[in-house]
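All remarks here apply to the structure that follows.
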Amino acid sequence: MEQALTVDQRWDLVDKITKETVEVGAYEPTLRDAIAGVTVRPLTGIPFAIAVLYGFWTFFGEFAGLFTDGFFVRIFGTHWIPWLAERLAGLPDWAFVILVGDRAVFAEEFLGDSCFAAGGVLTTGLFMPFGIVLWAVLALFLVLAILEDTGYLPRLAVLLDTVMHKIGLHGFAIVPTLISLGCNVPGVTACRPLETRKQRFMMIALLGVFVPCGAQIGMMEELVPGLIGWVFLTLAVGYLGFGWVLNKILPGESPEILMDVPPYQAPQWSNILRKTWMRTQHFLLVAVPFVLLGCAIVMALYTTGAMDAIAGGLEGFLATVFGVPASATPSLVVGFLRKDLAIGLLPIETMTNYQVFKSVILLTIYFPCLATFAMLLRELNWKEILGTLGFLVAMIFVFGGILNLIGMAGGW
Amino acid sequence: MMNHKSTFGSMFTVIIGIAALGFGILEFVGGEWGPLTVDAGMFTAWRAVILICAGLIYLSSVTNFLDVRQLGKTVVASIMIWIVAAMDIWAMIAASIPSGAEEAGEPWFASGTEFLAAYGPPYMPAMYLLLPSLVILYFVGRRRLAR
Amino acid sequence: MNKVLLMGQANVGKSVLFNHLAGAGATVSNYPGTTVDFDKGHMMLQGKKVDVIDVPGTFSLQPKDRAEEVAVKMLEKEKGATVVCVIDSSKVERGLYLALELIEKGHSVIIDLNMADVAENANIKVDTERLEDILGVPVVTTVAIRGEGLKELVSRMGEAMPAGIESITKRVGGKGGTSTHS
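Take a look at the structure:
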């Protein structure tokens with residue numbers, strides 16, 4: 016060991032070091048740093064976060080509405096679908112049903128919305144991804160890219176850290192969760208910085224079960240706009256509540272997650288547009304084939320009469336456990352492929368509001384879409400996959416059952 | 394210690410702070426008063442909370458207005474106003490473009506007069522706060538020049 | 425390396441830092457035979473789980489009260505630990521005294537200049553590179569309350585190492601000669 020300094024010698028050394036390294040009056044405090052402080056301190060940061068989320072949703076809603084209601088409902092409903100039905104009228108029945116849809120939709124006396132009612136691969140199958148979902152995910156990806164590039168996303172995580180710690184979760188969870196609202200596939204990828212298997216499993220299971228994706232949200236916005244608030248509230252309760260439960264019962268560690276918190280900066284628009292475009296492109300490649308396949312399967316099941324058989328078999332079960340009519344069966348069948356398609360197939364007109372609400376919740380939690388499931392296979396081991404599936408089966412019964420009981424108690 | 398006082402700045406925060414607070418409360422009430430309208434949609438309570446909080450943040454930065462921490466708060470409160478106002482404008486833009494017609498043969502886009510009419514009054518409260526809130530840019534710019 | 429000790433005076437943002445590093449699974453323990461409490465938790469360091477201890481605040485290693493005594497005892501017990509010396513950036517000289525003591529005792533030290541925001545507001549600028557050159561241990565800047573710089577702190581913990589006080593004395597003033605008067 017070296018010779019220790021005396022107290023005076025040590026102070027002398029401190030003095031010399033500070034003289035060389037510390038300058039008083041040299042630093043200009045920056046506005047950028049002050050803003051960073053204001054946005055993570057809870058008292059001012061939480062109102063600001065509310066404003067940002069308000070902007071997020073309003074922009075998304077108006078953007079999707081402009082394209083879908085402003086143009087695409089007409090493009091498909093008035094022009095493309097009737098034109099196609101006329102052109103292909105000569106096809107044999109089975110082919111017409113699969114490609115275009117139910118002939119009854121094209122009779123004079125039909126008054127409904129042919130975009131959804133037709134159901135064929137080239138009608139509803141194209142309308143849903145290109146008429147509705149594309150605009151929803153485009154808007155979500157755009158806003159997300161802005162939040163990421165300005166540096167707000169990690170700050171939102173820091174802000175939420177204190178609150179989330181109270182239930183044993185981390186503020187970091189907001190990052191994959193917000194990304195999952197665009198699409199669950201990159202959301203699952205965003206879980207990679209999580210340190211332990213327990214954390215990754217928990218987060219991925221919660222995302223897969225409780226976080227609806229942009230495609231689904233777009234469909235909800237189009238079909239059941241009045242219910243979205245309640246759906247989100249219910250899912251958030253499930254997410255936080257069962258996050259807490261999973262954290263308690265799962266073995267393993269849940270250490271802190273450290274993020275880079277870069278300074279605030281003006282976003283580079285070229286970078287934002289590139290990011291948005293790449294994610295949207297990826298979405299189209301993954302989603303469109305499954306939606307088309309889903310339409311084909313559903314219409315094939317209809318023409319062969321198999322759908323009626325399945326619905327008949329499930330009727331009693333659906334009615335007693337969830338209080339949902341058998342007419343929701345087709346929707347549940349394709350829910351395995353695409354959840355946006357599944358919501359599009361819900362027989363909304365024939366159900367009560369509360370039944371629609373329950374069905375939307377069930378569809379959200381019930382199975383991650385095929386693309387997400389493929390991601391799970393890559394990111395988790397088989398034990399964790401079984402765990403995730405077990406969790407979601409449990410959630411379907413717990414959530415569906417509870418909602419059904421609440422509905423019975425409330426007389427809805 | 395530098396002098397962080399600015400009479401103009403403090404007056405600005407008091408006035409816009411009270412205005413934002415008042416408009417926030419109006420968002421909770423809803424209704425129409427001449428060129429001012431509060432349409433009670435799905436998000437009206439959200440807007441109310443945002444405007445009220447922005448108002449309070451403004452009012453908390455009246456003293457020592459030019460101090461960087463105080464200035465940071467006014468900038469953040471202004472950004473909150475800008476987000477709400479930008480969304481009001483965005484809703485107008487989105488409503489002004491399509492014609493709304495559904496039959497074949499009808500025009501796809503709104504006519505020139507329809508397009509312009511979409512931007513006329515009445516306006517939402519945040520729109521009235523937008524212009525005055527831009528005053529903050531003057532202070533930010535002056536700060537930047539001073540350095 | 426299996427333990428990380430956070431050391432520093434009171435009110436340098438040490439507990440906020442601890443919360444960000446190991447807050448979720450933290451437990452409060454009582455040092456045996458005293459009324460002094462300290463926080464203990466885990467964090468991941470280079471893929472390995474390590475203990476993090478928030479040592480009671482201490483001004484120097486010559487204890488003046490029970491809490492400081494505990495701090496010194498804990499430090500002596502954990503010879504092989506990485507010691508994060510947390511310093512208030514606006515009062516560097518106060519924290520440096522403790523840092524020098526830690527270095528003299530031969531601990532593996534990393535210096536965390538925390539509360540950089542407070543220093544900014546007080547117009548104080550610290551030349552971290554020069555400080556690192558002089559001390560011969562890693563020096564990082566953080567604003568724990570805003571979550572900034574924590575990732576760098578953790579990624580550089582591995583570089584923490586003992587340094588010689590003699591060579592510090594030699595290096596200081598080696599450039600510019602500003603230390604001829606005091």
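Residue numbers (the numbering used here), protein chains in the order written: chain A, 16 to 427; chain B, 394 to 540; chain C, 425 to 606.
Glycine residues also receive a C-beta, built at the ideal position from the N, C-alpha and C atoms.
Exercise for review: Would you be able to state if there are at least three C-beta pairs under 8 Å between the region 268-287 of chain A and the region 442-452 of chain C?
Suggested key: yes
### Query
So which residues of chain A does residue 460 (chain C) contact, with C-beta pairs closer than 9 Å?
Chain A residues near residue 460 (chain C): none, gap ~24 Å exceeds 9 Å.
In this structure, how does DSSP classify residue 491 (chain B) when only helix, strand and coil are distinguished?
strand
- Item | residue 521 (chain B) versus residue 494 (chain B) - alpha carbon distance | Approximately 32 Å between the Cα atoms of the pair.
Limits of the beta strand (DSSP E) - the one that residue 454 (chain C) falls within: For residue 454 (chain C), the enclosing beta strand (DSSP E) starts and ends at 451-454.
- With DSSP as the reference, please indicate the residues paired to residue 247 (chain A) in a beta bridge. Looking at the DSSP assignment, residue 247 (chain A) forms no beta bridge with any residue, so it has no partner.
State whether the region 349-360 of chain A contacts the region 377-390 of chain A, with contact taken as three or more CB pairs (one from each stretch) at a distance under 8 Å. yes
query = Does any residue of chain B bring its CB to less than 9 Å from the CB of residue 16 (chain A)?
reply = Here residue 16 (chain A) scores only 44 on pLDDT, less than 50, and its place in the model should not be relied on; the value that follows carries that caveat. Judged by the 9 Å Cβ criterion, residue 16 (chain A) is not in contact with chain B.
* Spell out whether any CB of chain B is found under 9 Å from the CB atom of residue 427 (chain A). => No, residue 427 (chain A) does not count as interfacial toward chain B.
Tell me whether the beta-carbon of residue 152 (chain A) lies closer than 9 Å to the beta-carbon of residue 247 (chain A).
no
Practice task
Please decide whether residue 531 (chain C) counts as near chain A, where near means a Cβ-Cβ distance under 9 Å.
Solution key: no
Checklist entry - With DSSP run on the structure shown, which of helix, strand or coil describes residue 38 (chain A)? => result If DSSP states are grouped into helix, strand and coil, residue 38 (chain A) belongs with the strands.
Between residue 476 (chain B) and chain A, is the shortest Cβ-Cβ distance under 9 Å, so that the two count as touching? yes
Practice prompt. Throw me the rounded Cβ distance for the residue 321 (chain A) and residue 344 (chain A) pair, which I believe falls under 8 Å.
Written response: Wrong, their Cβ atoms sit about 11 Å apart, outside the cutoff.
Start and end residues, alpha helix (DSSP H) containing residue 475 (chain C) = It is not in any alpha helix (DSSP H) - residue 475 (chain C) instead sits in the beta strand (DSSP E) that spans 472-478.
* Asked: Taking Cβ to Cβ, would you say residue 20 (chain A) is nearer than 9 Å to residue 528 (chain C)?
  -> yes
Between which two residues does the beta strand (DSSP E) containing residue 548 (chain C) stretch? 548-550
- Task: Kindly indicate which three-state DSSP category residue 415 (chain C) falls into: helix, strand or coil?
- Result: There is simply no residue 415 (chain C) to check, as chain C begins at 425 and stops at 606 in what is shown.
How many whole angstroms separate the CB atoms of residue 170 (chain A) and residue 55 (chain A), which I take to be in contact at a CB cut-off of 8 Å?
Taking C-beta atoms under 8 Å as the contact rule, residue 170 (chain A) and residue 55 (chain A) qualify, at a distance of about 5 Å.
| request: Could you name the residues of the same chain whose beta carbon sits closer than 6 Å to that of residue 508 (chain B), not counting the 5 residues immediately before and after it, in chain order? | output: 489
From the DSSP output, which residues share a beta bridge with residue 354 (chain A)?
Per DSSP, none; premise fails for residue 354 (chain A).
- Compare the C-beta of residue 398 (chain B) against all C-beta atoms of chain A and say whether one is closer than 9 Å. No - not a single Cβ of chain A is within 9 Å of the one on residue 398 (chain B).
message = So, for residue 602 (chain C): in the same chain, excluding its five sequence neighbours on each side, which residues have a beta-carbon less than 6 Å away from its beta-carbon?
response = Low per-residue confidence applies at residue 602 (chain C): pLDDT is 43, beneath 50, and the placement is therefore not dependable, though the value from the model is reported in the following sentence. Result list for residue 602 (chain C): empty, nothing under 6 Å.
Notebook entry, point to check: the region 187-214 of chain A: which residues have C-beta closer than 9 Å to a C-beta of chain C, in chain order?
Noted result: Those residues of the region 187-214 of chain A that come within reach of chain C (Cβ to Cβ, closer than 9 Å) are 210 and 211.
query: Going along the chain, which residues of the region 411-433 of chain B sit with their C-beta nearer than 7 Å to a C-beta in chain A?
result: none
Q. Is the shortest distance between the beta-carbon of residue 32 (chain A) and the beta-carbons of chain C less than 9 Å?
A. yes
Between the region 499-510 of chain C and the region 529-542 of chain C, do at least 3 Cβ pairs fall closer than 8 Å? yes
Quiz item: For residue 442 (chain C), which of C:590, C:571 and C:586 has the nearest alpha-carbon?
Solution: C:571
For residue 532 (chain B) and residue 417 (chain B), which I take to be in contact (beta-carbon distance under 8 Å), what is that distance rounded to the nearest angstrom?
Going by Cβ atoms, the distance from residue 532 (chain B) to residue 417 (chain B) rounds to 23 Å, so no, they are not a contact pair.
* To do: Would you list the one or two residues that DSSP bridges to residue 125 (chain A)?
  => Residue 125 (chain A) pairs with nothing; no bridge assigned.
Q) Under a CB-based cut-off of 9 Å, is residue 447 (chain C) close to chain A? A) yes
| request: Find out if the Cβ-Cβ distance for the pair residue 279 (chain A), residue 165 (chain A) is shorter than 9 Å. | output: The answer is yes: Cβ separation under 9 Å.
Could you check whether the region 213-225 of chain A touches the region 246-260 of chain A, counting it as contact only if at least three pairs of C-beta atoms, one from each stretch, sit closer than 8 Å? yes
For the alpha helix (DSSP H) that contains residue 591 (chain C), what are its first and last residues?
589-595
Using 8 Å for Cβ pairs, my map puts residue 522 (chain C) next to residue 484 (chain C). What's the rounded Cβ distance? 6 Å
Inset, instruction - Using only alpha-carbon positions, find the residue among A:217, A:236, A:119 and A:63 that is nearest to residue 80 (chain A). - result: A:236
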